[in-house]
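Numbering (the numbering used here), first residue to last: 1091 to 1546.
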């Protein structure tokens, strides 16, 4: 049955590989179950309700991706979009979180229409192959950078913006030990992968976590909540208290329109729409490129159902009570483990559903244990740089800018924007428009991106 539905042999995979890939994807995404409630609670939402909404939205979105597109991509409320939701729309502009949920819900409905009418597919196909390769590399650097930050190997600095962990001072027993464990995790994961151990990334996460537990039990690692370093020993295994979910479920339909003007609401919807569209497209390009799913023309087969799954998940997630649900770049970790079909996504989705019950266990996985997986995935995605033609500077320079801006601007969509603008303008101004066959869609995207920087 699994073979017939997911076409495992046709995708050169098997059940064991898909299951391991699904577990790995979940393990690298599980942090969202802790981070999303923390961020959205700043907007006045109940953190327990948000955790439930996050798990349910992730389950629904990932299952839609599995059964509509048969792709190994997982979905969850997006990082960055949740911060915009809480700190810009609610706290910054003073609107209620119900209004913010309404904007997310409306964004999802618009995306459903755009997906059904092939607009998003046309955008995906219009992006030149050199930029698609650059997106994959940029995402790899972005993921690795996130991993380094999560492990606190890279920290903020007043003089240089960021710097490395010093491994000394009062925080050594918490932050310093966590960073060292993350480094050990990177080496352990690397050794496992070099030895071709199946599930090497997953085992790297688990081994690092176990080492953290041993360090805490022996007093080597000391939790420090103020430094963001928490106990890695599970406080429990299961929880069946779902009563708080009612405080967010369906609240999108109770938004008070008297508190916001229609033009202001449209601006907020457009902002969510813009960022989500290009974050999703960038993720699909990067992860699909890593999995060799793009055809010879750089197109992703069955992209329409993949985009439709993403769009439906956004509106469903808003009804549950969470910010924009989107395709996750951490899906690359499962793809790296060999995941090639929707069975990988099914496993990931089911684990998100189980997380409702086993949330105390999953939330105990420390960020420094997940970091080695993110850093390793970043390494894998760097391979796409070989597909960029550095002899053709009209391709290479925009690709470089695309790669550069993703980690430095801390945004996949910003990297794509800079890449598209520079590729179109450089080729247009150097008289290569006809040679490069710049499409109407690329011209439109370039204008829209420029207008975005002017008005948003």
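Built from N, CA and C at the ideal position, the CB exists for glycine as well.
It should be emphasised that the depicted structure is a prediction, and the values quoted were computed from it without experimental measurement.
Check whether the Cβ atoms of residue i and residue j lie closer than 8 Å to each other.
i            : j            : result
residue 1450 : residue 1299 : no
residue 1220 : residue 1489 : yes
residue 1498 : residue 1512 : no
residue 1516 : residue 1484 : yes
residue 1130 : residue 1417 : no
residue 1466 : residue 1291 : yes
residue 1135 : residue 1338 : yes
residue 1181 : residue 1471 : no
residue 1149 : residue 1377 : no
residue 1226 : residue 1375 : yes
residue 1269 : residue 1243 : yes
residue 1098 : residue 1431 : yes
residue 1478 : residue 1335 : no
residue 1145 : residue 1446 : yes
residue 1118 : residue 1460 : yes
residue 1458 : residue 1248 : no
residue 1463 : residue 1279 : yes
Between residue i and the rest of its own chain, which residues show a CB-CB distance below 7 Å, the 5 nearest in sequence each way excluded?
i            : result
residue 1448 : 1327 and 1328
residue 1531 : 1212, 1213 and 1216
residue 1533 : 1514
residue 1204 : 1210
residue 1092 : 1098, 1105 and 1433
residue 1199 : 1405
residue 1355 : 1193
Per DSSP, which residues does residue i bridge with? Please list them.
i            : result
residue 1319 : 1314
residue 1165 : 1417
residue 1516 : The partner list for residue 1516 (beta bridge, DSSP) is empty, contrary to what the question assumes.
residue 1244 : 1254
What residue range is occupied by the uninterrupted alpha helix (DSSP H) comprising residue i?
i            : result
residue 1206 : 1187 to 1206
residue 1498 : 1483 to 1498
residue 1218 : Looking at the DSSP string, residue 1218 is not in any alpha helix (DSSP H), and its letter there is neither H nor E.
residue 1446 : Counting along the chain, residue 1446 falls outside any alpha helix (DSSP H), and DSSP gives it neither H nor E.
residue 1139 : 1137 to 1159
residue 1179 : That residue, residue 1179, is in no alpha helix (DSSP H); it is neither H nor E in DSSP.
residue 1131 : 1122 to 1131
residue 1395 : 1393 to 1410
residue 1456 : That residue, residue 1456, is in no alpha helix (DSSP H); it is neither H nor E in DSSP.
residue 1112 : 1105 to 1119
residue 1536 : 1530 to 1545
residue 1093 : 1092 to 1096
Can you find the residues in the same chain that come closer than 6 Å, C-beta to C-beta, to residue i, ignoring five residues on each side of it along the sequence?
i            : result
residue 1408 : 1191, 1194, 1195 and 1342
residue 1345 : 1188, 1189 and 1192
residue 1393 : 1211 and 1214
residue 1266 : 1257
residue 1127 : 1137, 1140 and 1141
residue 1234 : 1465 and 1468
residue 1175 : 1190 and 1413
residue 1314 : 1264
residue 1297 : 1278
By Cβ distance, which residues of its chain are closer than 8 Å to residue i, with the 5 residues on each side in sequence left out?
i            : result
residue 1323 : 1303, 1306, 1307 and 1454
residue 1518 : 1528
residue 1202 : 1398, 1401, 1402 and 1405
Check: Counting only runs that start and end within the stretch 1247 to 1333, where is the alpha helix (DSSP H) found for 4 or more residues in a row?
Finding: As far as the stretch 1247 to 1333 is concerned, its whole alpha helix (DSSP H) runs of at least 4 residues are 1265 to 1284 and 1290 to 1307.
Next item on the list: Report the residue ranges of all beta strand (DSSP E) runs contained in full by the stretch 1339 to 1402; include only those spanning at least 3 residues, in chain order.
Entry: Qualifying beta strand (DSSP E) stretches: none in this window.
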